[in-house]
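**Student:**
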Amino acid sequence: METRMEDAMAKTNVRYCLKCGKCTGSCPLARVNPEYSPRQTVERAILGRKDQILRGKGVWWCLTCELCSERCPQEVRYPDFIRACRIEATAKGIEHMCAHGGMLAELQRAMTSPEVKQDRLGWIPKGAKVSGTGDLLYFVGCLPYFDVIMEKIKPDSVAIGQSVVKILNRVGVTPAIMPNERCCGHDLLWTGEVESFKKLAKLNMDEIAKTGAKTVLMSCPEGYRTLKLDYADLFGELPFEVVHTSEFFSRLIDEGRMKFDKSIDRKVVYHDPCRLGRHLRVFDAPRKVLSSISGVQLKEMERSRAEAMCCGVDAWMCNSNSKQMQIERLREARMSGADLLVTACPKCQIHFRCVMSEKLPKSVFPVPDEAKIDVMDLSELAAKAMGL
Amino acid sequence: MTTEPKIVAFTCNWCSYAGADLAGTSRIQYPANVRIIRLMCSGRVDPTWILKAFELGADGVLVSGCHPQDCHYISGNEKAEERVNSTKRLLRLLGLETDRLRLEWISASEGARFAEVIKDFTEKLSRMGPTPFRSKRGV
Amino acid sequence: MENSKVNSTEPRIGVFVCHCGVNIGGVVDVPKVVEYAKTLPGVVYAEENLYTCSEEGLSKIKGAIREYGLNRVVVASCTPRTHEPLFRSACEDAGLNQYLFEMANIREQCSWVHSHEPEKATEKAKDIVRMTVAKARLLEPEEEAEIAVADSALIVGAGITGMTTAVSLARQGFRIYLVEKEPEVGGLVRRLNALYPTMSDPAEILNPLIEQVKSSRNIQLLTSTGVTSVRGYVGNFEVTALRGKTEELKLNVGTIVVATGAEAFDPEGRYGYRRLAGVITQLQLERMLRDGELGKPKSVVMIQCVGSREEGRPYCSRICCMNAIKNALIIKEKSPETDVCILYRDIQAYGRNYEDYYKKAREAGVIFIMYDKDKPPEVSRSGIRLKVSVVNAFMHQEVTLGADMVVLSTPLVQHESGRDLARVLRVPLGSDGFFMEAHAKLRPVDFATDGIFVCGTAQSPKNIPESIAQAYGAASKAGILMASGKVRAEAITAMVNEEICRGCGRCEEVCEFNAIGVEDTGGAKMTAKVMEAICKGCGVCAVACPTGAITMRHFTTKQINAMLEAALTPGRG
Amino acid sequence: MDEKPSVLVIGGGVAGIQASTDLANRGFQVYLAEKLPSIGGRMAQFDKTYPTLDCSICILAPKMIDCFRHPNIKVLAYSEVKSVSGSAGNFTIEILRKPRFVDAARCTGCGQCAEKCPKKIPNEWELNMAGKKAIYMPFPQAVPRVMTIDPENCLYLTKGICRVCEKLCQAKAIDFSQKPETVQIKVGSIIVATGFDMIDPSKFPEYGYGKYKNVIVSLEFERLICASGPTGGHLVRPSDHQKPKTVAFVLCVGSRDVKAGRVYCSNVCCLYSAKDAILVKEHEPDVDAVIFYTDLRAYSKGSREFIDRAIRDYGIKYIRGRPGEIREDHETKSLTIWYENTLSRKVEKLQADLVVLSVACVPRGDTKELAKVLGVELDEYGFFKVADPLYAPLDTTVRGVFACGFCTGPKDISDSVAQASGTAAKAAEVSMMYARAVPRAVKKGG
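Protein chains in written order, with our numbering: chain A, -15 to 372; chain B, 3 to 141; chain C, 4 to 576; chain D, 636 to 1081.
1. With DSSP as the reference, label Cys14/B as helix, strand or coil.
2. Less than 8 Å between CB atoms is the rule here; does Asp689/D satisfy it with respect to chain B?
3. Whether or not the stretch 409 to 417 of chain C and the stretch 280 to 288 of chain C are in contact is what I'm after, with contact meaning three or more pairs of Cβ atoms, one per stretch, closer than 8 Å; do they touch?
4. In whole angstroms, what is the alpha-carbon distance linking Gly482/C and Gln1054/D?
5. Which parts of the stretch 430 to 471 of chain C are runs of the beta strand (DSSP E), unbroken and 3 residues or longer, counting only runs that do not cross its ends?
6. List, from N- to C-terminal side, the beta strand (DSSP E) runs of 3 residues or more that fit wholly inside the stretch 0 to 63 of chain A.
7. Report the partner residues of Ala406/C according to the DSSP bridge assignment.
8. In whole angstroms, what is the alpha-carbon distance linking Ser114/C and Thr125/C?
9. Just the Cα atoms here: how many angstroms apart are Ala478/C and Leu172/C?
10. Look at Ile951/D and Leu886/D and say whether their C-beta atoms are less than 8 Å apart.
11. Residues of chain B with CB under 8 Å from Cys541/C, in chain order?
12. Taking 8 Å as the CB-CB limit, is Arg115/B close to chain D?
13. Leaving out the 5 sequence neighbours to the left and right, which residues in its chain are closer than 6 Å to Ile39/B when beta-carbon positions are compared?
14. I'd like to check one pair, Val253/A with Ala322/A: are the Cβ atoms closer than 8 Å?
15. Around the Cβ of Gly766/D, are there at least 16 other Cβ atoms within 10 angstroms (buried) or fewer (exposed)?
16. Please work out which residues of its chain come closer than 6 Å, Cβ to Cβ, to Val348/A, disregarding the five sequence neighbours upstream and downstream, and give them in chain order.
17. Name the two residues that bound the continuous beta strand (DSSP E) containing Asn1/C.
18. Please list, in chain order, the chain C residues whose beta carbon lies closer than 9 Å to that of Glu286/A.
19. Let's test the definition: count the other Cβ atoms within 10 Å of the Cβ of Leu95/B and tell me whether it reaches 16, buried, or not, exposed.
20. Residues in the stretch 474 to 485 of chain C with C-beta within 7 Å of chain D's C-beta atoms, listed in sequence order?
21. Examine chain C for any beta-carbon lying closer than 8 Å to the beta-carbon of Val10/B, and answer yes or no.
22. Counting contacts by CB-CB distance shorter than 8 Å, is Ile563/C in contact with chain B?
23. So, with DSSP's three-state summary, where would you put His335/A?
24. At least one CB of chain D closer than 8 Å to the CB of Ser10/A: is that the case?
25. Taking Cβ positions, are Cys329/A and Gln310/A nearer each other than 8 Å?
26. Tell me which residues share the same chain as Ala668/D and place their Cβ nearer than 6 Å to its Cβ, disregarding the 5 neighbours each side in the sequence.
27. Comparing the C-beta of Lys952/D with each C-beta of chain A, is any distance below 8 Å?
28. Excluding the 5 residues flanking Tyr475/C on each side, which residues of the same chain have their C-beta closer than 8 Å to its C-beta?
29. Under the DSSP definition of a beta bridge, which residues are partnered with Gly1044/D?
30. Could you give the C-beta distance for Ile16/C and Leu73/C, rounded to a whole number, given that I count them as a contact under 8 Å?
31. Between Ile71/A and Val(-2)/A, how many whole angstroms is the CB-CB distance? I'm expecting something under 8 Å.
32. Might you give, ordered along the chain, the residues of its own chain that have their beta carbon closer than 6 Å to the beta carbon of Val1033/D, omitting 5 neighbours on each side?
33. Identify the contact partners of Lys362/C in chain A, using a Cβ-Cβ distance below 7 Å as the criterion.
34. State the start and end residues of the unbroken beta strand (DSSP E) segment that holds Asn108/C.
35. Helix, strand or coil: which one does DSSP assign to Asp361/A?
36. If contacts are defined as beta-carbon pairs under 8 Å, then Ile37/A and Met(-11)/A qualify, I think. What distance do you get, rounded to the angstrom?
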């Protein structure tokens, strides 16, 4: 993983830039924020304006959604380049906007201490079968924390975890769950705190080893990406397989082990989370799960799969631009004719629910009604369809 | 009603005559009152012939060549344009409507356009009625 | 010949009307047309065919020519543009000169366009046949004159292009005079350090070529020689050349190839050229690189489009971008820590190979900054170094670059000797000053004047493979003429009635092909003379002639008048 | 057995026609093999050519006819090269002649049969914007003027019923008994001129080709604007056949694009789109024409001046920037183009009613097979590899086999034509070198 801008330039094809502007023309952020232009950031880098980049805001604005690199004719991996810049900026002690007043970052840093003994299993539903070890480990992620921090908008993130556990039990799997699971480190890594990230990664790897898991199941795409790509980048080939719930479920469907006996009569549209979709190319699995639920009419948004638009926030770095993007995305979801927006990312879900919960004087920033739509996680809907 | 106007059309071999052919291959219909005289180049059209055509009772004369720059002989069509313009001045002196002499650039791919031009020209000429020469000849 | 006797007698016209299946017969009353044709003056025979173009139809024509002693043939069927040659050769088979044949187009221009008006179509068909017969009565036999072409060529310019053409034509067995104004062959390429995209040493390609030129028995190389005058026409050019100061040479050649190349524009006074030390041209840089005089400059700035894409020289010089990139890469290779920056307007990395090359340069860390024509860079001295300030068009920011060397990329331009040659050959130069080919798309190496060809940078800026391709192209064109040893001239040419011609020269003014000119025919009388070998038969001169002294073969004023009469006055048939 | 030196030319586009005519004119026996039923190639599909705005078919058709009629050229249309053996100066070639099911000697090309044929099928020559019949003339100016029956669609050949054409053809030209035949020829050298194809732009979901009706590719535009094309040259958009208010041209779709596997620049797009935009203005002066470009590559003779004219005299709008995405308004079917104007550095959107994509030019689909048959190498993009990109631009990797035009990499018409004549000279050299192999040949030819 590159930690300096110069190294990143070589590795991420920045030098090949044609200055064609396709990145900026694609960037959802640039549309709402005229000051932001990936192309110009790249041009500055080529011209050696390092300080301008590291001290500029743009480096922190980027959503790392990979829509630009998806389309770049020269395969410039802009998000990776940005990450390296963030890491170097942080190393240089350059101050930057931090997410949610830094609260989450603080928690995550706290978890880097080996002594921490978390009590984070309270959400596990009564009578559910879980264990400390086993072939399959369910890596829960920060769901319990989200519910506390975001309680004002009642994200009910643990419902995702509960659904996953219920489903696993129903198909006869007793998942291992780690009592002292730590944050995967995604947010710290993408906000430049590479050292803390490494600590968290190490601690989690040790914990996972203790469970003897052969498979690690993730319901959070950011965690999924972090383990599958960034842990592997750090520790080499992982001694276990990492799968996302959507992939795992579609496998179960293939094996005939997952059956949906409750019909769900709703028009459903699926929002591809950037990290699950563009980063890891998981597009079909979630759609397959949805279309195997009887009653579900699956719709598509104008921009879906690799074309999907980001929910507007990455690593919790939320700002006024995020809100506009979220509204745009929700409008698009409604335009598809759906009445239920399903995603496979707890964070996307929180961001969408957040914006819809907001009340602002219309004059300041109207949240149009057509942007209102129910939001639910894939696991929850699957559980419902299984009568759980 | 007046009898159908008679049109004489001088076309170059390379563009306009081919355009008239394409009208045929594409089966595009147009009035049967035009008589085409094929020349190698519109630059060959002699103002004397145009006057003669009118004198012999033609109601309209069409001179048609390749679009500017397309001329098979580099600039014959430009010469044709100069000459048609000066001939129009003669027609005016003769008291004939200058619109009875028409210059059109028609390429080999413009079959439809050739037919269009003939239709349109025929309508305009019928509105003008016969020329004094024609009545003189009692045709 | 035997058939000319037949031709000279009274017109005996045969008319063949084609049904073309139902294409004509389904609309036009063919039998009626045949009957009508029989009534026309001069027509001694008329018949209908299902398909006149079929083997059967053709043999019927031949038969009738013999049987009825026909000396004019009219076929009323489809368009002459596709079928005339077929019927003409049938006539020739039967001993009738092909120009005594005429076609009446009653399909494309009658039955197919009036399919809903059978009566009118039939009337029109009759008119068309009447017009055609009227012309046929006046048809004359014509011969396509044959001009012998000497199997020797003059090639002007012994750069890569000229030498390539020379060697190819020599290989094909023709005698070549290769004329070079300089004492040495090799042209502009000789002054280069390396060639893109392969980075080869020019010697690699020049030396073998020079070797072939010198060793070829068929090539006579004349250096320090200039062409002073050219007379004659395709196949028979009389060339006068001056070798050195004094020695005059007379060469007779069948074809001429212009390969005079171009020269680099002199940026006198631009960006401090010749005023500020360190401001040089790409050509000068090439020499420094070749002689290893580059040293280790901290920074080199290259400025593109110096003298091109501007008033007076609006064209893009095609090769400068790649050339600058080539030199940038060489500098980066020789001294990696040198910063190289190219100030450009649009990078012309076109086609199969060059984008890759452009990519290599970006990879090597060459910096590319786009500037706007209205905000050109400024070069000034700062201390011992140079300072270049430019507005980065993509950032709207002024960038100031320190430079030890500023290299100007200047366009290729026509040189004086090229302009002189154009006058000598009476071939045109384009508004860009380069030799103008006959047609931008389909005749890139021909001139409108037969027997003279152009290739390489004389025609427009080009890189080496493009010049070589054109060099072979010109070799092919010249080879065609010399291989067959003759050209068939147009039979349809201008004719001058010398009694009427007053030698005013209007015809000469309007002819695009230098095919007609006024000559002194003695006794203070000037008369227009047609060079039939090169006349294209457009007829522009005939109309320009104030006295009516000029007419066109096969499209004579008499013939057209007859058609007009037939078209408009049925009575007078 | 002909005594003239002989040459096989593969591909009947403008380059192949030029090479054939040159060689035939200097006395060679030329075999011109064309895969399709008619010669003419891509140029026959274009409406106009830049920078002179010549009507493309008008200047090509006479060359097609001359080529076909030339006593020294045998045009083998609707044929494929099956095998090649031997070496420079002495190649033996097998060519498969596909059955037209129409007797070329009898067919007058009148088209009666097509009028009555009951089976309508898409016309790929018109890029499926128009239909044709199962018995068809590829296009009005096709050469040879012979009808062809499409065996996949002919009712008789597929279902054993119909034979309407046969009944009504008075020339008795229909011949359902025709079989594929293989002809064998001997030649001294081979010239490849197979031209180009275009990539499928649906690889770029962000531009919506195939999904949005009013997003088309430039070759479709050429037919759309052509007087003899499917709309009779009326500028209308496919969705509703209404006249567009704004037409946008997007360049470099798949060209200069590593992801598309096409690092190279397709060379002709900058100019032909300027030409297309001018045609828009000449047809409908009140329609706006906008061109999105990355670098304006107007380097060939007269090109830069042409672009300047497009801007100055026709008011064509140029925007430097490669659009990020194109989205359709589902009601109006109009399109919104999102882009960064890299010169004003603003992210903007443009409403267009018709978008024309200039997609990357690539080798013809069957180039690999042909290369195998000829034993020549291809480059990493699948173009025919030239012996040396610097000083042997016309030689392939096999002696006596030459290549010209687009099949060795993107080239405009004039460069292709110059190269075509160049290969003719090369072939002539070969015949001289092997003069002994064909004794009287040279005297005859030369």
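Where a beta carbon is used, it is the ideal one built from N, C-alpha and C, also for glycine.
**Tutor:** So, from the listed chains and residues:
1. Counted from its first residue, the second sequence places residue 14/B at position 12. Strand, per DSSP.
2. For this step, residue 689/D is matched to residue 54 along the fourth sequence. So, interface residue.
3. yes
4. Taking the first residue of the third sequence as 1, we reach residue 482/C at position 479. Taking the first residue of the fourth sequence as 1, we reach residue 1054/D at position 419. Taking the straight line from one Cα to the other gives about 15 Å.
5. 455 to 457
6. none
7. Taking the third sequence and counting its residues from 1, one reaches residue 406/C at position 403. Answer is Leu389/C.
8. Here residue 114/C refers to the residue found at position 111 of the third sequence. Here residue 125/C refers to the residue found at position 122 of the third sequence. It is roughly 8 Å from the alpha-carbon of Ser114/C to the alpha-carbon of Thr125/C.
9. Here residue 478/C corresponds to residue number 475 of the third sequence, with the count starting at 1. Here residue 172/C corresponds to residue number 169 of the third sequence, with the count starting at 1. A direct Cα-Cα distance of roughly 6 Å separates Ala478/C from Leu172/C.
10. As a position in the fourth sequence, residue 951/D is number 316, starting the count at 1. As a position in the fourth sequence, residue 886/D is number 251, starting the count at 1. Not a contact, by the Cβ cut-off of 8 Å.
11. Walking along the third sequence from the start, residue 541/C turns up at place 538. Residues of chain B passing the Cβ test: Met42, Cys43, Gly45, Arg46, His74, Tyr75, Gly78.
12. By 1-based counting over the second sequence, the position of residue 115/B is 113. Cβ-Cβ to chain D under 8 Å: yes for Arg115/B.
13. For the purposes of this step, residue 39/B is identified with residue 37 of the second sequence, where counting begins at 1. The answer, listed in chain order, is Phe12.
14. On the first sequence, position 338 is the one that residue 322/A refers to. On the first sequence, position 269 is the one that residue 253/A refers to. In contact: Ala322/A and Val253/A (Cβ atoms closer than 8 Å).
15. On the fourth sequence, position 131 is the one that residue 766/D refers to. When all chains shown are included, Gly766/D counts as exposed.
16. In the first sequence, residue 348/A corresponds to position 364, counting from 1. Reliability fails at Val348/A, whose pLDDT of 46 lies under 50, so the model's placement of it is uncertain and the value that follows must be treated cautiously. So no residue of the chain qualifies.
17. No answer is possible for residue 1/C: it lies beyond the span of chain C, which begins at 4 and ends at 576.
18. Your numbering for residue 286/A matches position 302 in the first sequence. Result: empty, since nearest Cβ-Cβ is about 30 Å, beyond 9 Å.
19. The sequence position of residue 95/B within the second sequence is 93, counting from 1. It counts as exposed.
20. Tyr475, Gly476, Ala478, Ser479, Lys480, Gly482, Ile483
21. Position 8 of the second sequence holds residue 10/B. Closer than 8 Å to some Cβ of chain C, the Cβ of Val10/B qualifies, so yes.
22. Residue mapping note: residue 563/C aligns to position 560 of the third sequence, counting from 1. For Ile563/C, the answer is yes, since a Cβ of chain B falls inside 8 Å of its Cβ.
23. Reading the first sequence from its first residue, position 351 is the one you call residue 335/A. In the structure shown, His335/A sits in a helix (DSSP, three-state: H, G or I).
24. The residue labelled residue 10/A in the question sits at position 26 within the first sequence. Yes - at least one Cβ of chain D is within 8 Å of the one on Ser10/A.
25. Mapped onto the first sequence, residue 329/A falls at position 345. Mapped onto the first sequence, residue 310/A falls at position 326. Judged by their CB atoms, Cys329/A and Gln310/A are not nearer to each other than the 8 Å cut-off.
26. Taking the fourth sequence and counting its residues from 1, the one referred to as residue 668/D is at position 33. Excluding residues within five positions, the ones whose Cβ falls inside 6 Å are Ile645, Leu711, Ser714, Val716, Ile730.
27. By one-based count along the fourth sequence, residue 952/D stands at place 317. With 8 Å as the cut-off, Lys952/D does not count as an interface residue toward chain A.
28. For this step, residue 475/C is matched to residue 472 along the third sequence. Result list for Tyr475/C: Thr167, Thr168, Ser171, in chain order.
29. Position 409 of the fourth sequence holds residue 1044/D. Partner(s): none; Gly1044/D has no beta bridge.
30. The count along the third sequence starts at 1 and reaches residue 16/C at position 13. The count along the third sequence starts at 1 and reaches residue 73/C at position 70. Yes, they are in contact, since the Cβ atoms of Ile16/C and Leu73/C sit about 7 Å apart, within 8 Å.
31. By 1-based counting over the first sequence, the position of residue 71/A is 87. By 1-based counting over the first sequence, the position of residue -2/A is 14. At roughly 15 Å, the Cβ-Cβ gap does not stay under 8 Å, so Ile71/A and Val(-2)/A are not in contact.
32. For the purposes of this step, residue 1033/D is taken as the residue at position 398 of the fourth sequence. Answer for Val1033/D: Gly1010, Val1011, listed in chain order.
33. For the purposes of this step, residue 362/C is identified with residue 359 of the third sequence, where counting begins at 1. Simply Tyr0.
34. Here residue 108/C corresponds to residue number 105 of the third sequence, with the count starting at 1. Counting along the chain, the beta strand (DSSP E) containing Asn108/C begins and ends at 104 to 108.
35. Here residue 361/A is taken as the residue at index 377 of the first sequence, counted from 1. Correct three-state label for Asp361/A: strand.
36. Within the first sequence, numbered from 1, the residue matching residue 37/A stands at position 53. Within the first sequence, numbered from 1, the residue matching residue -11/A stands at position 5. Indeed they touch by this definition, with Cβ atoms about 7 Å apart.
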